[in-house]
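Chains as they are written, first to last, in this note's numbering: chain A, 125 to 732; chain B, 29 to 205. Note that CB positions come from ideal geometry on N, CA and C, so glycine has one too. It should be emphasised that the depicted structure is a prediction, and the values quoted were computed from it without experimental measurement.
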């Protein structure tokens with residue numbers, strides 16, 4: 125495997141980033157963040173440090189002809205990046221946004237052409253996988269144009285790619301992300317969890333100093349609040365053979381709550397204020413208000429001495445001043461809406477409201493019912509952080525059983541605001557004090573926009589032996605559903621038992637045979653297995669049969685297999701199951717006949 | 029091209045017409061000239077219009093309109109509004125135009141010094157760069173007080189000109205439900 129470049133790709137909900145390292149450089153090759161060419165305004169291409177994850181499907185009246193040309197494509201069929209984001213604000217029915225959030229939403233038909241969500245049928249639609257593939261394809265073309273510069277061997281398709289996914293992504297979402305990468309021409313792709321990537325970025329920045337900043341027994345909470353999602357992970361510092369080792373010991377659920385929700389909440393408050401003053405704010409102006417309140421919020425959060433900022437919506441026609449309406453965003457608004465609304469000081473025992481409802485109806489995604497990030501954090505530390513046999517490093521706990529981190533590392537665009545970081549540190553330290561521990565220490569994170577891409581590139585190099593690796597393994601435990609052999613009662617679903625096939629923390633590159641349970645499958649006929657997972661149960665070994673799990677195990681898309689055997693049609697073959705965690709970060713489940721051969725791979729049936 | 033047969037006829041008629049009447053027949057003259065004129069106008073239309081300086085000026089205005097709505101502001105009648113109304117709106121116009129200015133141009137002061145401080149204008153200074161006001165008798169060098177630092181555009185990076193519609197500073201906007 126002689127790749128010249130190692131590339132880290134952050135495929136984010138709101139922005140994508142690309143970082144790379146050249147293995148052929150003499151000495152210590154640095155990690156470069158790549159500026160990405162994209163069209164910013166019609167007729168105006170530019171290089172920006174991020175690629176907004178937006179795709180616009182142009183109609184006849186959207187752009188003058190030839191004004192969307194890219195250096196590698198004079199007439200793209202779809203627009204990706206900054207121009208898509210800007211034009212999408214003016215013409216939302218043709219905009220595909222938040223494709224990544226759709227990838228993780230199991231109830232949606234993720235491989236079907238469902239985006240733009242709610243758009244009229246005459247607009248060509250794409251699937252979330254196709255949209256994600258379009259972003260990766262743009263990054264590939266940008267790399268090939270700027271870095272490889274015509275050298276086919278140096279093209280991104282030939283390199284070692286680390287593609288990041290939220291730690292909370294289930295197997296189906298990871299599989300779909302890989303599909304999107306393959307469709308964009310990227311072959312050697314390994315998936316890496318984003319909180320781990322953020323930690324690797326910190327390791328890279330800290331250099332050799334890192335061993336002085338953390339010690340054996342320390343527990344680092346990685347708190348990643350981005351544009352669309354909130355993702356928590358815990359990384360423990362342990363010791364092996366006299367050296368410090370890192371192990372990822374807990375992963376949170378996928379929470380659809382992020383900066384976009386916060387900005388919209390502020391915009392709604394200002395809208396209320398304007399309407400109370402007698403002005404009407406239509407949907408177009410709400411967009412403008414959203415953008416303006418974000419800018420005002422950033423100004424208020426970065427400079428604590430400013431008490432208020434004016435927010436003005438200019439008149440839409442030529443009557444700029446005559447039609448203008450304005451209001452003020454005060455520091456109290458930011459305090460109440462953001463700090464108290466999204467980061468309230470809560471007790472460590474408070475749990476978030478569980479019911480998942482379709483929050484923003486027009487968007488269709490299951491936004492978190494409870495907007496309090498701190499409550500989700502409390503739940504994470506109490507529940508997902510429950511230890512188990514899959515975890516070797518010790519997790520520091522308080523008397524109540526809650527995991528008590530010693531350090532916190534922030535990631536994601538939302539955490540750029542010092543006031544929000546300070547609030548989380550305060551709340552966490554309050555909980556730690558209640559458990560009898562010292563306040564939490566914040567690890568310095570730099571360049572929050574690119575940390576994940578940089579960290580992914582660093583990990584790519586670390587795999588080649590040039591750096592330290594975080595031990596992880598399967599981020600959840602996975603089960604296959606067995607229907608119990610009770611008499612069927614009409615109208616009632618047969619009770620289900622869950623057979624553990626992948627224990628939490630199962631190491632990459634290992635397999636586990638589930639002995640003791642055989643299934644008789646008919647050759648030639650498709651067989652379906654119900655597939656479930658848990659982010660909470662950590663101690664179930666392979667082969668354990670679980671009944672009555674409450675809400676600890678949730679069902680995913682089913683697994684499907686069709687046994688193909690020459691000359692064996694319609695005969696029944698007894699098979700056992702075998703699971704494997706691959707080096708690229710995916711799972712494989714196999715049906716194995718007695719004696720070890722033949723074997724058939726089960727595929728996730730993601731098509732609805 | 030006029031067909032051969034007709035050219036033959038024209039040639040003979042012209043020969044005898046000049047010989048006998050000292051003139052070229054009108055219809056022949058017209059036919060020859062019209063063909064030439066018809067050929068000529070095609071050229072300027074076919075070749076792409078080169079960069080006209082006026083186009084760049086319009087482009088800069090269009091950029092300020094798109095980013096800061098400067099043209100809307102300049103075209104509005106301010107007499108009807110109070111200072112507070114104008115002020116609230118102008119902050120946005122300023123922010124947008126400033127962004128555009130910084131993106132497409134770099135401005136540096138001509139004299140990089142604090143206004144109000146004494147400066148010397150040397151002999152040979154270009155009057156386009158330094159304007160001297162007050163009691164300006166005699167020849168440089170002059171000692172005086174800096175009143176305005178001046179602005180010099182040290183970088184101009186405009187996007188490529190569009191092929192068509194260069195006179196459009198802002199498109200009309202139609203909202204479709």
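Review point. For a contact meaning CB atoms closer than 7 Å, what does residue 438 of chain A contact in chain B?
Key: Translated into the one-based positions of the first chain, residue 438 of chain A becomes position 314. Near residue 438 of chain A (Cβ distances below 7 Å), the residues of chain B are 97, 117 and 120.
**Study point:** Alpha-carbon to alpha-carbon, residue 579 of chain A and residue 572 of chain A
**Key:** By one-based count along the first chain, residue 572 of chain A stands at place 448. By one-based count along the first chain, residue 579 of chain A stands at place 455. Looking at the two C-alpha atoms, the distance is approximately 11 Å.
Exercise for review: Return the Cβ separation of residue 119 of chain B and residue 353 of chain A in integer angstroms, given the expectation that the two are a contact with Cβ distance under 8 Å.
Suggested key: In the second chain, counting from the first residue as 1, residue 119 of chain B sits at position 91. In the first chain, counting from the first residue as 1, residue 353 of chain A sits at position 229. Actually they do not touch by this definition, with Cβ atoms about 34 Å apart.
Point to revise | Rounded straight-line distance, which links the Cα of residue 687 of chain A to that of residue 652 of chain A | key: Residue 652 of chain A sits at position 528 when you count from the first residue of the first chain. Residue 687 of chain A sits at position 563 when you count from the first residue of the first chain. Those two C-alpha atoms are separated by around 11 Å.
Exercise for review: Apply the 10 Å Cβ neighbour rule to residue 136 of chain A and answer buried if 16 or more other Cβ atoms are within range, or exposed otherwise.
Suggested key: For the purposes of this step, residue 136 of chain A is taken as residue 12 along the first chain, with counting starting at 1. So residue 136 of chain A ends up on the buried side.
Practice item. State yes or no: is the beta carbon of residue 1 of chain B nearer than 8 Å to at least one beta carbon in chain A? Key: In the structure displayed, chain B extends from 29 to 205; residue 1 of chain B sits before or after that span and is not available.
**Study point:** Whole-Å CB distance - residue 574 of chain A paired with residue 141 of chain A, under 8 Å assumed
**Key:** Taking the first chain and counting its residues from 1, one reaches residue 574 of chain A at position 450. Taking the first chain and counting its residues from 1, one reaches residue 141 of chain A at position 17. Indeed, because the Cβ distance is near 5 Å, the residues count as touching under 8 Å.
Review point. Which residues share a DSSP beta bridge with residue 437 of chain A?
Key: Within the first chain, residue 437 of chain A is the residue found at index 313, counting from 1. Paired residues: A:449.
Check your understanding: What residues in the segment 633-654 of chain A have a beta carbon less than 8 Å from any beta carbon of chain B?
Key -> none
Exercise for review: Starting from residue 100 of chain B, find everything on chain A with Cβ-Cβ shorter than 7 Å and list it in chain order.
Suggested key: Translated into the one-based positions of the second chain, residue 100 of chain B becomes position 72. Result: 442 and 444.
Practice item. Identify, in the order they occur along the chain, each residue of the same chain with its Cβ nearer than 6 Å to the Cβ of residue 369 of chain A, setting aside the five sequence neighbours on each side. Key: Walking along the first chain from the start, residue 369 of chain A turns up at place 245. Same-chain partners within the cutoff: 362.
Point to revise | C-beta contact flag for residue 343 of chain A and residue 529 of chain A at 8 Å | key: By one-based count along the first chain, residue 343 of chain A stands at place 219. By one-based count along the first chain, residue 529 of chain A stands at place 405. Going by C-beta atoms, residue 343 of chain A is nearer than 8 Å to residue 529 of chain A.
**Study point:** CB-CB length for residue 391 of chain A against residue 410 of chain A, believed under 8 Å
**Key:** Locating residue 391 of chain A in the first chain gives position 267, counting from the first residue. Locating residue 410 of chain A in the first chain gives position 286, counting from the first residue. Yes, they are in contact, since the Cβ atoms of residue 391 of chain A and residue 410 of chain A sit about 6 Å apart, within 8 Å.
Review point. How about residue 417 of chain A: is its C-beta nearer than 8 Å to some C-beta of chain B?
Key: Numbered from its first residue, the first chain carries residue 417 of chain A at position 293. Judged by the 8 Å Cβ criterion, residue 417 of chain A is not in contact with chain B.
Review point. Nearest chain A C-beta to residue 83 of chain B closer than 8 Å, yes or no?
Key: Here residue 83 of chain B corresponds to residue number 55 of the second chain, with the count starting at 1. Answer no: the Cβ-Cβ gap between residue 83 of chain B and chain A never drops below 8 Å.
Point to revise | Nearest residue (CA-CA) to residue 189 of chain A, options B:203, B:190 and B:197 | key: Position 65 of the first chain holds residue 189 of chain A. Of B:203, B:190 and B:197, the residue nearest in Cα terms is B:190.
Point to revise | Check whether residue 195 of chain B and residue 89 of chain B have beta carbons under 8 Å apart | key: Translated into the one-based positions of the second chain, residue 195 of chain B becomes position 167. Translated into the one-based positions of the second chain, residue 89 of chain B becomes position 61. Contact: no.
Review point. For the segment 178-190 of chain A, which residues have a CB atom closer than 7 Å to at least one CB atom of chain B, in sequence order?
Key: 188 and 190
Review point. Which first and last residues belong to the beta strand (DSSP E) in which residue 603 of chain A is found?
Key: For this step, residue 603 of chain A is matched to residue 479 along the first chain. Element bounds for residue 603 of chain A: 601-607.
Review point. Between the Cα of residue 119 of chain A and the Cα atoms of A:505, A:625 and A:385, which residue gives the shortest distance?
Key: Because residue 119 of chain A is not part of the residues shown, which for chain A are 125 to 732, the question remains open.
Practice item. Would you verify that the beta carbon of residue 216 of chain A is, or is not, closer than 8 Å to some beta carbon of chain B? Key: Looking up residue 216 of chain A in the first chain gives position 92. No, no contact with chain B.
Practice item. Could you tell me whether the Cβ of residue 103 of chain B comes closer than 8 Å to any Cβ of chain A? Key: Here residue 103 of chain B corresponds to residue number 75 of the second chain, with the count starting at 1. Output row for residue 103 of chain B: interface = yes.
Check your understanding: Whole-angstrom Cβ separation of residue 505 of chain A and residue 526 of chain A, contact assumed at under 8 Å?
Key -> Indexing the first chain from 1 puts residue 505 of chain A at position 381. Indexing the first chain from 1 puts residue 526 of chain A at position 402. Right, their Cβ atoms sit about 5 Å apart.
Review point. Going by beta carbon distance, what residues of the same chain come within less than 6 Å of residue 38 of chain B, once the five residues before and after it are set aside?
Key: Stepping through the second chain from its first residue, residue 38 of chain B is reached at position 10. 56, listed in sequence order.
**Study point:** chain A contact for residue 90 of chain B (CB, 8 Å cutoff)
**Key:** Numbered from 1 along the second chain, position 62 holds the residue referred to as residue 90 of chain B. Closer than 8 Å: no.
Exercise for review: Return the Cβ separation of residue 467 of chain A and residue 548 of chain A in integer angstroms, given the expectation that the two are a contact with Cβ distance under 8 Å.
Suggested key: For this step, residue 467 of chain A is matched to residue 343 along the first chain. For this step, residue 548 of chain A is matched to residue 424 along the first chain. Indeed they touch by this definition, with Cβ atoms about 6 Å apart.
Review point. Using the C-alpha atoms, what's the distance from residue 441 of chain A back to residue 107 of chain B?
Key: One-based indexing of the second chain puts residue 107 of chain B at position 79. One-based indexing of the first chain puts residue 441 of chain A at position 317. Going from the Cα of residue 107 of chain B to the Cα of residue 441 of chain A covers about 18 Å.
Practice item. Using a Cβ cut-off of 7 Å, pull out every chain A residue sitting near residue 200 of chain B, in sequence order please. Key: Stepping through the second chain from its first residue, residue 200 of chain B is reached at position 172. Result: empty, since nearest Cβ-Cβ is about 10 Å, beyond 7 Å.
Review point. Using a C-beta to C-beta distance shorter than 8 Å, which residues of chain E count as neighbours of residue 434 of chain A?
Key: No chain E is part of this structure, whose protein chains are labelled A and B.
Point to revise | Cutoff 8 Å: residue 128 of chain B Cβ touching any chain A Cβ | key: The residue given as residue 128 of chain B occupies position 100 in the second chain. Taking Cβ atoms only, chain A never reaches closer than 8 Å to residue 128 of chain B, which makes this a no.
Review point. Taking the continuous alpha helix (DSSP H) assigned at residue 407 of chain A, which residues delimit it?
Key: Here the question's residue 407 of chain A lines up with position 283 in the first chain. Taken as a continuous stretch (DSSP letters only), the alpha helix (DSSP H) holding residue 407 of chain A covers 407-426.
Review point. What residues match up with residue 716 of chain A in a beta bridge as DSSP calls it?
Key: The count along the first chain starts at 1 and reaches residue 716 of chain A at position 592. Answer is A:700 and A:723, bridged to residue 716 of chain A.
Review point. Below 8 Å, can you find three or more Cβ-Cβ pairs linking the segment 414-428 of chain A to the segment 457-472 of chain A?
Key: yes
Point to revise | Contact under 8 Å by Cβ, residue 622 of chain A with residue 286 of chain A | key: Position 498 of the first chain, counting from 1, holds the residue named residue 622 of chain A. Position 162 of the first chain, counting from 1, holds the residue named residue 286 of chain A. Their beta carbons are not under 8 Å apart, which means residue 622 of chain A does not touch residue 286 of chain A by this criterion.
**Study point:** Segment contact flag, the segment 114-128 of chain B with the segment 138-145 of chain B, C-beta cutoff 8 Å, min 3 pairs
**Key:** no
Exercise for review: Report yes if the CB atom of residue 132 of chain A is closer than 8 Å to the CB atom of residue 147 of chain A, and no otherwise.
Suggested key: Position 8 of the first chain, counted from the start, is the residue given in the question as residue 132 of chain A. Position 23 of the first chain, counted from the start, is the residue given in the question as residue 147 of chain A. No, the pair does not count as a contact, with Cβ atoms beyond the cut-off.
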